[in-house]
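In this note's numbering, the protein residues as written are 28 to 502.
Here you go:
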C-alpha cells in the first residue's frame, strides 16, 4: 500500500471514529431544545432496556447488545465471539437460515452485526411500524439459534478467509497485530478480534454453544431502542417478546491486567510484499472506560477523568492532516516522511492505545525517522498551546457535527458503546461541556504522560532482505 493511500485510509478511520461517535453526540445535543431523554427499565429476567425517543423521522434502531466481545474469548479459542456473531444469522427452527434476511429486507430495513473487544452488537434500522416484527425475529434467534454442523464448518471457512484477506494479505495489518500483542502482553486487548489463525482452525460447535450459553443471557444483555418510539408502547412489546427469556447469570468479567510498563519494546516485520517501509509507535493510553475504573477491571492506576478528553486534543494538534505539528516537522520542514498520522480511540472498557504511523521518504532509514520523530515530540511537549489552537480543535469538531445530525444508527452505536464500557449513556449530555473544560495545561500534561520515551512499542515493516534487526527488536 503506498503512502498516500494509507494516509487516506487512516484519515477515513479518524473521521469514522471522531465524526461517527463524538460528533454525533454533539450534533444530537446541539439540535435538542433540552438534554436527550433516556427511559430505562430492567425486566425481571435481568434484561436492561434503554429507550431514546427521537421523532424526526418514522424510523427506529433496534439494538441488542451483548456484554461480551473478543476480550472474553476463552484462552486458546481466540475469535470465538466474532465467529458466534456470524453464526447468529444461521437460522432457528421457526425461522430457517435465510428467512431473517428476507423478512428484514422485505420490510425495507437494514441490519448488521459487529464484534469489538468489549462487546457484540446486533442492530436493525427500520420503519417504526415494523418494530414488533423485528422483536419477534430477534427474540427468537437470541434464544433458539441451532446451526447445523455443516453450517458451522462452512462459516468457519468464511471467517478463515476473512482473516486471510484482511490480515494475512497485509504486512501492515500483521505488524499492527504483533505490536498490539507486545503492547498488551497479558491483557486480552493484545488478542486480535478475528482471532489467531491456528486457534480459529480448531474452534468447535461445542466451543460456540458454551460461549452462547454463558454470555447470550438476558442478565448480560441490553436492548437499546433509538428513534420514533413511545416508551410505554415499546415496553409492552419488550415484555411480550423478551419477558419470558430465561438464562443463567453471567459471572463478573475479570480480565488479566498488564503490569506497569518498565521498558520500550521493538517489533520488526520483514516481508517481501512491502514496497515502502512504514514506522509505527504505540503507547498505552487511558480511555473513558479505564477512567471509570470499574471494580472488575482493577486498573493499576486510575487516570484523571480528563485524560481521554485531553488526548483527543493531542490527536488533533499533532496529527490533523497537513496542519498537524508532526506533519509540519517531518514532512514539510525536514522532508523525511511522506505521511504522518495519529489515531486514538477513547471508547474502550480498558486501557487503550495511541498510535503514531509514519511513512519515510524512499531512502530514509528508520533510525533517521525515529530520531526526527523523537526530536519533534520533544519540541511539541515544550511548545506553547495557544487559546487559538484550542479553539481551532473545538471548531473542527463542532463544524463536522453538522454532517452527523441525522445519523440515527450512528447515535445508537455510540450509546451502545458507552453502555458496554460501563458509562452512563446520559454522559452525552455533558460531552460538550467536558470538551470545553479541557485546558492547554491538560493537553500538555497528557501529551507528556502518554507519549514519553520510557515505554512504548516501536514497529517497522520493511522489505524482506533488509539488514538484521537491531538489538531489542523482535521478529
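Every residue, glycine too, gets a C-beta built ideally from N, C-alpha and C. On a predicted model such as this, the values are computed, not experimentally measured, just so you know.
Would DSSP call residue i helix, strand or coil?
{"i": "residue 230", "result": "coil"}
{"i": "residue 486", "result": "strand"}
{"i": "residue 253", "result": "strand"}
{"i": "residue 84", "result": "coil"}
{"i": "residue 196", "result": "coil"}
{"i": "residue 409", "result": "helix"}
{"i": "residue 65", "result": "coil"}
{"i": "residue 273", "result": "coil"}
{"i": "residue 374", "result": "coil"}
{"i": "residue 446", "result": "helix"}
{"i": "residue 140", "result": "strand"}
{"i": "residue 239", "result": "helix"}
{"i": "residue 466", "result": "coil"}
{"i": "residue 503", "result": "Shown here, the chain extends from 28 to 502; a query on residue 503 therefore has no answer."}
{"i": "residue 383", "result": "strand"}
{"i": "residue 123", "result": "strand"}
{"i": "residue 322", "result": "Residue confidence for residue 322 is low, a pLDDT of 47 falling below 50, so the modelled location carries little weight and cannot support an answer."}
{"i": "residue 60", "result": "Confidence at residue 60 is low in this model, with a pLDDT of 48, below 50, so the placement of that residue should be treated as unreliable; the coordinate-derived value is given next. Correct three-state label for residue 60: coil."}
{"i": "residue 147", "result": "strand"}
{"i": "residue 292", "result": "strand"}
Would residue i and residue j qualify as a contact pair, given that the criterion is a beta-carbon distance under 9 Å?
{"i": "residue 258", "j": "residue 74", "result": "no"}
{"i": "residue 249", "j": "residue 91", "result": "yes"}
{"i": "residue 235", "j": "residue 111", "result": "yes"}
{"i": "residue 399", "j": "residue 356", "result": "yes"}
{"i": "residue 167", "j": "residue 98", "result": "no"}
{"i": "residue 223", "j": "residue 106", "result": "yes"}
{"i": "residue 136", "j": "residue 157", "result": "yes"}
{"i": "residue 296", "j": "residue 484", "result": "no"}
{"i": "residue 229", "j": "residue 103", "result": "yes"}
{"i": "residue 251", "j": "residue 446", "result": "yes"}
{"i": "residue 448", "j": "residue 319", "result": "yes"}
Does at least one heavy atom of the ligand PLP sit under 8 Å from the Cβ of residue i?
{"i": "residue 491", "result": "Questions concerning the ligand PLP fall outside what the structure shown contains, since it holds no ligand whatsoever."}
Count the other CB atoms, across all protein chains shown, that sit within 10 Å of the CB of residue i; report buried if there are 16 or more and exposed otherwise.
{"i": "residue 350", "result": "exposed"}
{"i": "residue 401", "result": "exposed"}
{"i": "residue 325", "result": "Legend: pLDDT at residue 325 = 49, less than 50; position of this residue unreliable, value from coordinates given subsequently. Burial call: exposed."}
{"i": "residue 12", "result": "In the structure as shown, the chain begins at 28 and stops at 502. Residue 12 is therefore absent and cannot be evaluated."}
{"i": "residue 405", "result": "exposed"}
{"i": "residue 187", "result": "buried"}
{"i": "residue 180", "result": "exposed"}
{"i": "residue 317", "result": "buried"}
{"i": "residue 13", "result": "Shown here, the chain extends from 28 to 502; a query on residue 13 therefore has no answer."}
{"i": "residue 290", "result": "exposed"}
{"i": "residue 117", "result": "buried"}
{"i": "residue 574", "result": "Nothing about residue 574 can be reported from this structure: the residues present for the chain run from 28 to 502 only."}
{"i": "residue 373", "result": "buried"}
{"i": "residue 215", "result": "buried"}
{"i": "residue 86", "result": "buried"}
Using alpha carbons as the reference points, say which of the options lies closest to residue i.
{"i": "residue 441", "options": "148, 86, 97 and 210", "result": "148"}
{"i": "residue 473", "options": "394, 365, 338 and 398", "result": "338"}
{"i": "residue 300", "options": "199, 103, 161 and 190", "result": "199"}
{"i": "residue 395", "options": "311, 305 and 94", "result": "305"}
{"i": "residue 151", "options": "145, 163, 138 and 273", "result": "138"}
{"i": "residue 127", "options": "294, 160, 107 and 311", "result": "160"}
{"i": "residue 366", "options": "372, 319, 307 and 220", "result": "307"}
{"i": "residue 303", "options": "489, 216, 480 and 378", "result": "489"}
{"i": "residue 381", "options": "89, 123, 368 and 175", "result": "368"}
{"i": "residue 153", "options": "96, 484 and 435", "result": "435"}
{"i": "residue 123", "options": "205, 464 and 171", "result": "171"}
{"i": "residue 310", "options": "444, 482, 174 and 336", "result": "482"}
{"i": "residue 285", "options": "319, 225, 213 and 336", "result": "213"}
{"i": "residue 162", "options": "226, 263 and 215", "result": "263"}
{"i": "residue 343", "options": "421, 378, 142 and 273", "result": "421"}
{"i": "residue 471", "options": "185, 334, 292 and 388", "result": "334"}
{"i": "residue 247", "options": "466, 276, 185 and 194", "result": "276"}
Pull up the distance between the alpha-carbon of residue i and that of residue j, whole angstroms please.
{"i": "residue 383", "j": "residue 478", "result": "10 Å"}
{"i": "residue 459", "j": "residue 417", "result": "14 Å"}
{"i": "residue 243", "j": "residue 132", "result": "25 Å"}
{"i": "residue 196", "j": "residue 190", "result": "9 Å"}
{"i": "residue 462", "j": "residue 468", "result": "14 Å"}
{"i": "residue 202", "j": "residue 486", "result": "7 Å"}
{"i": "residue 452", "j": "residue 261", "result": "19 Å"}
{"i": "residue 409", "j": "residue 423", "result": "24 Å"}
{"i": "residue 348", "j": "residue 336", "result": "20 Å"}
{"i": "residue 269", "j": "residue 241", "result": "18 Å"}
{"i": "residue 346", "j": "residue 407", "result": "12 Å"}
{"i": "residue 265", "j": "residue 113", "result": "25 Å"}
{"i": "residue 182", "j": "residue 165", "result": "20 Å"}
{"i": "residue 294", "j": "residue 204", "result": "11 Å"}
{"i": "residue 476", "j": "residue 377", "result": "18 Å"}
{"i": "residue 67", "j": "residue 340", "result": "33 Å"}
{"i": "residue 393", "j": "residue 96", "result": "36 Å"}
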